[in-house]
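Asker:
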Amino acid sequence: MSGLLLLGLGLVLIVEGAVYALAPGIVERLLDILRSLPLAARRQTGLLSMVIGLILVWAAYQIGF
Numbered sequence: 008m009s010g011l012l013l014l015g016l017g018l019v020l021i022v023e024g025a026v027y028a029l030a031p032g033i034v035e036r037l038l039d040i041l042r043s044l045p046l047a048a049r050r051q052t053g054l055l056s057m058v059i060g061l062i063l064v065w066a067a068y069q070i071g072f
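Take a look at the structure:
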């Protein structure tokens with residue numbers, strides 16, 4: 008179980024690092040857009056992201072990963 012947690016964390020860091028390394032300008036624009044959103048919209052976006060992530064983890068578990 009802890010191995011899967013480390014794997015998941017490592018994959019997140021790889022993807023995040025690649026985005027910041029390859030497209031820092033896009034990240035800046037995205038952050039500006041996020042800052043302009045109302046707090047409730049940012050909260051809903053975060054909750055939606057969590058639900059999508061949970062569904063993806065559940066699907067990976069169901070196919071035997």
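Counting in the working numbering, the final residue of the sequence shown is number 72, and the numbers go up one at a time with none missing. From the three backbone atoms N, C-alpha and C, an ideal C-beta is built for every residue, glycine too. For clarity, every value in this text was computed on a predicted model and none was experimentally measured.
#1: Let's see if you can read the secondary structure: which residues bound the alpha helix (DSSP H) around Gly10?
#2: From which residue to which residue does the alpha helix (DSSP H) around Ile70 run?
#3: Taking DSSP as the reference, what is the three-state secondary structure of Leu44?
#4: Does the separation of the CB atoms of Tyr27 and Val34 fall below 7 Å?
#5: Do you know offhand how far Pro45's Cα is from Leu38's?
Answerer: According to the structure data:
#1: Per DSSP, Gly10 belongs to the alpha helix (DSSP H) from Ser9 to Leu29.
#2: Here Ile70 belongs to no alpha helix (DSSP H), and DSSP marks it neither H nor E.
#3: Leu44 falls in the coil class under three-state DSSP.
#4: In contact: Tyr27 and Val34 (Cβ atoms closer than 7 Å).
#5: Straight-line measurement puts the Cα of Leu38 at about 13 Å from the Cα of Pro45.
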